[in-house]
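For reference, the structure is listed below as structure tokens.
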Amino acid sequence: MERVLALIDEGNFEESGRLMREAGIGQYNDEEFEVTDEVVESEVERLQTELTSDPAWIAASRQTKCHTCWNLDARGHPQAETQRSGRRIISSVEYQLLRTPIVRVVWQTEACGYCDLIFRATNKVLSRDQRHRHAWPQYLQSVTLVEGQPVLLTVSSPAEPGKTDILGIELFTDPNDVETQRLLPAVGSASPVAADAGSDACFDFIKLCLKECTETHTDCQQRSSPLPKRILVLEEDSKGGKQRSMPSVRLYHPKPSEKHLYVALSHCWGPDKTAKVRLKLQQNNVAEFQQHIPWDKMPETFKDGILATWRLGVRHIWIDSLCIIQDDTADWEVEAAKMGAYYHNAYLTIAAASSPCGDERFLTSRPGLNEAEEIKYYGPQKVSLASRMARSMGSRRGTVYARRTNRVANDDRSAVAGWSRIETSAIMGPLSTRAWTLQERVLSARIAHFTEEGVIWECKQVTKSEDRMSRPPGPLSKWSQFAAVRSISDENEAKIMRQRLQTSWRKLMTEYAQRGITKRKDIMPAISSIAAHMHSYIGAPYLAGLWKDRFIEDLCWRPSASIGENVPPLSPEQVNLNMPSWSWMAVAHAVSYAVIDTPGVFVSHCSLVGGDFIPASSSSAFAKLADSREVVLEGRMLAMHLLFHGHHKRADAKSASIRLDTYDKSYSSDVLYDAPLVATEAVLASGECIKTVRKAREGEELAWFKDSVVYCLDVGRFMPGGQPFALSGVDHHFVMLLVPSLTTPGAYERIGMASNDFGSGYKGKTRRDVWGDLPVERIALV
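In structure tokens form, the structure reads like this:
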């Protein structure tokens, strides 16, 4: 494997492809490395050969298929994709039905027993919901088939006038029902999920996972570590001589030498609406909490976390707001920097994934999502009621189960990639929308996620759900693998590992930027522990979410496609925070790294020559900015005109483009702006006053203005597959839009990013027509 990765890194795809084919490398999904189209085509060809020689696949593909439901079997579908899961090749397909009325599913396919099964399952599940029982019209929008997984039906149903709900329904079989599995071999099996998250069945599942993990997983073994500075101790409570069902809780300062198993709680704070939510450790109640923390004053989420810890036989739990003094800035800064270590060293992290705030319990009865309805399957041909009754007397029948699910297919997220447990490690629930909780998940040793649809277990080696369905490795497992980079002696192998680390970092930061954070000043502390781990892996200096060794690549972020043109103006907190404009931390919206994370080569067109980076000796150093936010680049920059198209009413980030006008050519490019823009004036180092723009702030009117001067910095070029334009057919150029800083004389601030070469391929011109004759100059960015 090391030799293959080294060859790929060197660009020797022919030799690496040959070795891959000889060794069978590339047939499993747990390795991430860059390959060219030729290698991919070779792998696909080999997979197709192996797949089409499989007797089960041949038999399935030769069946006469219903064009509406495809017999609930993706095998042989003309649009099916194939991939490996362990040592099996599986087929998957998602197809839209263009809002087919559910009643027409039966009318259009009167002879299809599979469509009949869909119709009866959908009706039975929706009839349980008061809002959808008699709703009309209801549509079957899509069917998602992943071999070996439950079938996903995406249904739209009117909920109230002017509002339509998009609902997910999954069909599955009993893992012990051999007869139904024989009749429906491509439909996945799942076990029932307990109707109550506090049931013995739910905790038996967690205990079984804990036992398996601690006793058999070599990657999950933990070293003995000291306890956090403060911890909650759980003790028997027998007031009045009668033992109570809940423990007594007190705050404890352990000795440095003390070592105990403890649980860490990951939760959403939510809005401060009630006195219970506001219960937290403060300077004036430390002594009181050391004696006793009143049970009736605790938030419901905390109570459930404590009860879950107690039932698992653990007697210590760490909860941030009860173990960090919230009104002591010095204590908070020190302890917040250690939070990653506290979750990492915990015996188990309990994640209250379904609780949006402290007022909400998670050890409670689950909604109707998990209540499965039993649906009889009478065979591939639709039969009459009399025939069903006759068949029910015999043996030729099967049983399928149908239940609601939060997962749906939609235009923004492919169900095959977004719903299938094979492809996604996403955890549904409000906890996954909060910024602080990302590092809690990534750095934990093992986690029990309490979701609306059941408990999901995640450790370094295994991810599985309470219904016994396996899931793909999550960020916990993927991130923990990078610890091996510290012990790699081979220089090429270490380089490849660092490249993979950079890719993983950008993916994590892309997810992080999508999450909500109550206080923008916490944007650095909330990922400081991940940054500290990253630094220990690669050793590179760090500054505001970017790394010095890949700084030019890291500059190429842009507003995410999910945000598009709807970028928000700067909030007062953002203005006061004064983050460097070149960092993605300066914006309060989702960002992405475009195509840089796809196979290919990035070529820098500028270089970093100066900056106050943090060498960092502790995680607290990653939680704050350096003394200076200025970086100095050497590169080519040119002035351009910012123009707005006449059919737009306002000059804002939705309507602008840039254009270079000279005596013989005009080049233009659309730009993704970091915020809406407003007109301003700036004085250059030469003393010249120019009309330009700046980022708009909340409350400012976006008034019309004519063209303004902006500056374009040639950042770099990305070549897919490592081949230049002439061979790959497309190059991606990154040009940063800059304006003179109004606060730092002589420096520039970023306002957006363009992915265009300004003339490359335009009327036979080359990029040298624009950039080639420009001098290299030093540019200070703030």
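Each residue of the sequence shown is one higher than the one before, counting from 121 in the numbering used here.
By construction, the Cβ of each residue, glycine as well, lies at the ideal position given by its N, Cα and C atoms.
Residues that residue i bridges to, as DSSP identifies them
i: Asp285; result: Ser277
i: Tyr372; result: Ile351
i: Gly731; result: Val751
i: Tyr831; result: Ala759, Leu858
i: Phe742; result: DSSP lists no partner for Phe742.
i: Met839; result: Val721
i: Tyr521; result: Phe292, Glu494
i: Leu792; result: Met873
i: Glu201; result: Ser212
i: Val711; result: Pro679
i: His852; result: Phe838
i: Thr220; result: Leu260
i: Asp272; result: Reading the sequence as shown, one finds Leu at residue 272 and not Asp. Paired residues: Thr264, Glu290.
i: Val307; result: Gln269
i: Gln501; result: Cys232
i: Ser590; result: Lys584
i: Ser485; result: Asp316
Environment of residue i [buried if 16+ CB atoms lie within 10 Å]
i: Ser386; result: buried
i: Trp891; result: buried
i: Trp256; result: exposed
i: Gly766; result: The predicted model places Gly766 with a pLDDT of 42, which falls under 50 and marks its position as unreliable, so this point remains unresolved.
i: Val896; result: exposed
i: Asn696; result: exposed
i: Glu355; result: exposed
i: Val859; result: buried
i: Cys809; result: exposed
i: Gly361; result: Interpretation of Gly361 is limited by its pLDDT of 45, a score under 50 that renders its predicted location unreliable; the figure taken from the coordinates is listed afterwards. Gly361 comes out exposed.
i: Leu847; result: Because Leu847 sits at a pLDDT of 40, beneath the cut-off of 50, its placement in the model cannot be relied upon, and the following sentence gives the value as read from the coordinates. Label assigned to Leu847: exposed.
i: Thr336; result: exposed
i: Val729; result: exposed
i: Ile286; result: exposed
i: Ile899; result: buried
i: Arg626; result: buried
i: Ala604; result: exposed
Residue range of the alpha helix (DSSP H) that includes residue i
i: Gln910; result: Within the shown structure, residues of the chain are numbered from 121 to 902, placing residue 910 beyond reach of any answer.
i: Ile238; result: 233-246
i: Val266; result: Careful: Val266 lies outside any alpha helix (DSSP H), inside the beta strand (DSSP E) at 259-266.
i: Val75; result: This structure gives no information on residue 75, because the portion of the chain shown stretches from 121 to 902.
i: Glu693; result: 692-697
Enclosing beta strand (DSSP E) for residue i [first to last residue]
i: Trp577; result: 574-579
i: Glu494; result: 493-497
i: Arg898; result: 897-901
i: Ile470; result: 468-471
i: Tyr868; result: 868-874
i: Ala802; result: 797-803
i: Ala384; result: 383-386
i: Lys584; result: 583-585
i: Ala568; result: 566-571
i: Ile810; result: 809-815
Beta-carbon proximity check, residue i vs residue j, cutoff 8 Å
i: Gly499; j: Thr421; result: no
i: Tyr467; j: Val520; result: no
i: Phe733; j: Ala651; result: no
i: His709; j: Val687; result: yes
i: Ser564; j: His412; result: no
i: Tyr831; j: Ala746; result: no
i: Phe325; j: Val582; result: no
i: Glu821; j: Lys811; result: no
i: Gln501; j: Ala231; result: yes
i: Ile547; j: Ala473; result: yes
i: Ser712; j: Arg678; result: yes
i: Leu272; j: Ile495; result: no
i: Ile955; j: Tyr372; result: There is simply no residue 955 to check, as the chain begins at 121 and stops at 902 in what is shown.
i: Lys580; j: Ser597; result: yes
i: Ser861; j: Val798; result: no
Interface flag, residue i vs chain C, CB-CB below 8 Å
i: Lys815; result: Here chain C cannot be found, since the structure has a single protein chain.
Ignoring anything shorter than 4 residues or poking outside the segment 401-453, list the alpha helix (DSSP H) runs there in chain order.
-> 406-411, 420-431, 440-443
Residue ranges of each alpha helix (DSSP H) within the segment 597-679, 4 or longer = With a minimum length of 4 residues, the unbroken runs of alpha helix (DSSP H) contained wholly in the segment 597-679 fall at 611-634, 648-658, 671-674.
Give, in chain order, every unbroken run of the alpha helix (DSSP H) that is at least 4 residues long and sits entirely within the segment 316-341.
-> 320-336
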